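Please read the structure below before turning to the comments.
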Amino acid sequence: MTTKKMTIAPIMLCFFAMGFVDLVGIASNFVKADLKLSDATANVFPSLVFFWFLIFSVPTGMLMNKIGRKKTVLISLIITFLSLFLPLVNYSYWMMLVSFSLLGIGNALMQTSINPLVMTVIKGGNLAATFTFGQFVKAIASFLAPYIAMWGAMATIPTFGLEWRILFPIYMIIGIFATLMLASTPIEEEPIEGKPSTFFECFSLLGKPIVLLSFFSIMCHVGIDVGTNTTAPKILQERLGMELNDAAFATSLYFIFRTLGCLTGSFFLRVMNNRLFFAISVVMMALSMCGLYLGTDKTVLYIAIALVGYGNSNIFSLTMARALQSVPEKQNEVSGLMIMGLFGGTIFPLLMGFASDEIGQIGAVLVMSMGVLYLFSYIPKMSKQA
651 MTTKKMTIAP
661 IMLCFFAMGF
671 VDLVGIASNF
681 VKADLKLSDA
691 TANVFPSLVF
701 FWFLIFSVPT
711 GMLMNKIGRK
721 KTVLISLIIT
731 FLSLFLPLVN
741 YSYWMMLVSF
751 SLLGIGNALM
761 QTSINPLVMT
771 VIKGGNLAAT
781 FTFGQFVKAI
791 ASFLAPYIAM
801 WGAMATIPTF
811 GLEWRILFPI
821 YMIIGIFATL
831 MLASTPIEEE
841 PIEGKPSTFF
851 ECFSLLGKPI
861 VLLSFFSIMC
871 HVGIDVGTNT
881 TAPKILQERL
891 GMELNDAAFA
901 TSLYFIFRTL
911 GCLTGSFFLR
921 VMNNRLFFAI
931 SVVMMALSMC
941 GLYLGTDKTV
951 LYIAIALVGY
961 GNSNIFSLTM
971 ARALQSVPEK
981 QNEVSGLMIM
991 GLFGGTIFPL
1001 LMGFASDEIG
1011 QIGAVLVMSM
1021 GVLYLFSYIP
1031 KMSKQA
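Counted from 1, the sequence shown has number 973 at position 323 by our numbering; the numbering is strictly sequential.
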């Protein structure tokens, strides 16, 4: 048991590094202001980050079959380091495109490989609850990002001319520490039995209804996640006339409640019917969409942001556990397919950007609401235990 705890600790630090990808939400708002971009142009940044999940997720599942899960996570950390280093060299529109592309590629590799690596270490137990605790650790990095960016932007500390970009070297140092800890931790992985899957065999798993439906569930989850992360400050600016530095608190509020949801969810998922907890989460998200659509008061909007943060916090863990357990002999391949579903983080912000340019932020809320409606249809597919 002690050995298992010592092994899971560096993996949880990798979950923290996985949360670096969520800095794209607040970063895109600051880049938009700095470079005077439109909503549609600024939303290219989060969309670009998650575009690479479509390209790299399934190949990463195949890569794990060849080099192992731990080595794949280490490669992802190195790519993440590069993505955080580049904005320190040159701050321009094109460099940010390259930086966010590398951030997306690194995160695609990490999210595909880290969940199967957790399964290697825990070898049984409550899978959904363990994944949720990892998401709790990830969420800490997510909600800290807006605070660090605002801290630097207000120039209350020496930022060496970086201002809000002080976020990048801080997270880069943590990423280096995570890399060294995981590299020095021995993890015994079971060899893959039989012939490694081909691309066709990987994608053929989408022919299984539960795998396909889980894929769409994760698309909606991440679309709502990235959408709220990016759009919440804009709603406060549009409805309440806030400045960006003040409105950026909305992103932190979302991640505070997502973090709280992951922390409490790791407990509830050990004692509560998983399907019931999933249903409660989706209802909270639906109430949130109503608040974001109709709310014109700060309190109402803050409550709506908190509700979607808590409600969306456990959707990924529950869906991932359901999918992995549906095809236990192909966990690497299924993990790749599920993480490919994070491509929803590309589709939703693009649609939301076009909709908000046409009819304001209400358009963005309507796009997210479509994702919530789909999650209602997934409730019957959720197993009671995971």
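Glycine is no exception: its CB is placed at the ideal position from the N, C-alpha and C atoms. None of the values given here were measured: they were computed from a predicted structure.
In whole angstroms, give me the CA-to-CA distance for residue i and residue j.
i     : j     : result
L913  : N879  : 19 Å
F865  : I874  : 15 Å
S1033 : R925  : 6 Å
A973  : E893  : 42 Å
L944  : S938  : 10 Å
T782  : I837  : 21 Å
S902  : V723  : 27 Å
I661  : L832  : 7 Å
F899  : I676  : 10 Å
T652  : F665  : With a pLDDT of 49 at T652, under the threshold of 50, the predicted position of this residue should be treated as unreliable, and no value is reported.
S688  : K682  : 7 Å
M988  : V694  : 22 Å
A692  : V1022 : 24 Å
A758  : I953  : 31 Å
T946  : E1008 : 19 Å
E851  : F700  : 24 Å
P796  : N962  : 19 Å
T848  : Q975  : 21 Å
L951  : G941  : 6 Å
I717  : G754  : 21 Å
S931  : F918  : 12 Å
F735  : L673  : 14 Å
A1036 : D684  : Interpretation of A1036 is limited by its pLDDT of 49, a score under 50 that renders its predicted location unreliable; no figure is taken from the coordinates.
M1002 : Y1024 : 17 Å
I705  : P766  : 19 Å
F827  : L698  : 27 Å
M804  : E813  : 8 Å
T730  : G991  : 20 Å
I798  : M822  : 13 Å
P1030 : I725  : 37 Å
K686  : G756  : 28 Å
P709  : G891  : 45 Å
Between which two residues does the alpha helix (DSSP H) containing residue i stretch?
i     : result
V674  : 673-685
D896  : 894-897
Y821  : 817-833
V950  : 948-961
N879  : 859-890
V933  : 924-944
L856  : Taken as a continuous stretch (DSSP letters only), L856 belongs to no alpha helix (DSSP H), as it is neither H nor E.
L752  : 743-772
V694  : 694-717
N982  : 981-990
M1018 : 1011-1028
I837  : Neither: I837 is in no alpha helix (DSSP H) and is coded neither H nor E.
L974  : 965-976
Report yes if the C-beta distance between residue i and residue j is below 9 Å; otherwise report no.
i     : j     : result
F703  : F993  : yes
S733  : S751  : yes
I860  : M970  : no
A791  : G669  : yes
G825  : A667  : yes
L855  : V977  : yes
F928  : L968  : yes
Y904  : V958  : yes
Q1011 : R889  : yes
A779  : R908  : no
V787  : L663  : yes
M785  : F966  : Before going on, a small fix: residue 785 reads as Gln here, not Met. Yes, the Cβ-Cβ distance between Q785 and F966 is below 9 Å.
N715  : N982  : yes
N895  : M800  : yes
T657  : T829  : no
S1006 : G1013 : yes
M760  : L727  : yes
V671  : T881  : no
My understanding is that residue i touches residue j, with C-beta atoms under 8 Å, so please give their C-beta distance in whole angstroms.
i     : j    : result
S985  : T762 : 5 Å
V1017 : G877 : 7 Å
P883  : P696 : Incorrect: roughly 13 Å between the Cβ atoms, too far for contact.
L747  : P819 : Not quite, the Cβ-Cβ distance comes to about 20 Å (not below 8 Å), so this is no contact.
M840  : K720 : Looking at the sequence shown, residue 840 is not Met but Glu. Contact flag wrong, Cβ pair sits at about 12 Å.
Y960  : M922 : Wrong, their Cβ atoms sit about 15 Å apart, outside the cutoff.
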